[in-house]
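Numbering-wise (our numbering), the sequence shown opens with residue 0 and increments by one.
Positions of the beta carbon are idealized from the N, C-alpha and C atoms, including for glycine.
Here the structure comes first, spelled out in structure tokens, and everything after it is commentary.
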Amino acid sequence: MNVDGVIRRLEVMRDQGASLDALLDAAVRGLHETNPRFQWTGVYELFPDNVLRLGPFVGPPTDHVFIGVGQGVCGTAVAERRNMNIPDVRDLTNYLACSASTRSELVVLIRSGEEIHAQIDIDSDVVAAFDDAAMADVQRVADWLANLYSTRRAA
Ligand code: SME
Numbered sequence: 000m001n002v003d004g005v006i007r008r009l010e011v012m013r014d015q016g017a018s019l020d021a022l023l024d025a026a027v028r029g030l031h032e033t034n035p036r037f038q039w040t041g042v043y044e045l046f047p048d049n050v051l052r053l054g055p056f057v058g059p060p061t062d063h064v065f066i067g068v069g070q071g072v073c074g075t076a077v078a079e080r081r082n083m084n085i086p087d088v089r090d091l092t093n094y095l096a097c098s099a100s101t102r103s104e105l106v107v108l109i110r111s112g113e114e115i116h117a118q119i120d121i122d123s124d125v126v127a128a129f130d131d132a133a134m135a136d137v138q139r140v141a142d143w144l145a146n147l148y149s150t151r152r153a154a
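Structure representation (structure tokens):
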């Protein structure tokens with residue numbers, strides 16, 4: 000399935016009254032299927048104590064269920080309020096390894112303006128796996144989810 004299909008499926012689920020957790024789960028599963036280079040695809044939600052907590056994911060289990068803001072690639076993305084595209088994680092000193100085979104990592108924030116709700120984290124076993132097309136796909140899903148967070152919180 001391509002990203003258009005993922006978003007169509009999410010819209011149907013939303014219109015049928017699906018919960019935020021069910022929509023996050025469907026987003027992660029759908030996105031994972033869009034690209035054979037995605038070996039681990041998950042969501043971390045940002046809680047008010049400034050800790051990222053692992054939500055739904057596809058791929059091997061990870062020890063990193065809680066990540067403080069500023070720690071690892073995921074926590075750095077929040078601290079610096081920007082997406083991270085790391086072509087080779089072996090070049091980093093602050094990387095939190097999920098799997099020894101991971102080579103590149105992409106973190107895309109789920110945000111509404113200045114408010115960060117969560118992030119999509121993707122690991123690949125391929126060096127520099129995340130080209131412009133892959134980043135645009137992940138960004139579309141992240142933006143769709145950001146809109147969901149902001150409308151649900153306002154309700
Ligand atoms: N590599 C991430 C940790 C999450 S695992 O990859 C699933 C990091 O450095 O923050």
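Rounded straight-line distance, which links the Cα of residue j to that of residue i
| i | j | result |
| --- | --- | --- |
| alanine 145 | serine 100 | 30 Å |
| alanine 127 | methionine 134 | 12 Å |
| aspartate 3 | aspartate 136 | 9 Å |
| tyrosine 43 | leucine 53 | 4 Å |
| glutamine 138 | valine 107 | 7 Å |
| glutamate 114 | arginine 80 | 10 Å |
| alanine 141 | leucine 51 | 16 Å |
Residue span of the beta strand (DSSP E) that contains residue i, given as start and end
| i | result |
| --- | --- |
| methionine 83 | 83-85 |
| threonine 40 | 39-45 |
| glutamine 15 | Looking at the DSSP string, glutamine 15 is not in any beta strand (DSSP E), and its letter there is neither H nor E. |
| leucine 53 | 50-57 |
| glycine 69 | Here glycine 69 belongs to no beta strand (DSSP E), and DSSP marks it neither H nor E. |
Option nearest residue i by Cα separation, candidates the options
| i | options | result |
| --- | --- | --- |
| serine 103 | Ile115, Gly74, Asp130 | Asp130 |
| histidine 31 | Asn49, Glu79, Thr40, Ala132 | Thr40 |
| cysteine 73 | Gly58, Ala96, Val57, Pro55 | Ala96 |
Backbone secondary structure at residue i - three-state DSSP
| i | result |
| --- | --- |
| valine 106 | strand |
| histidine 116 | strand |
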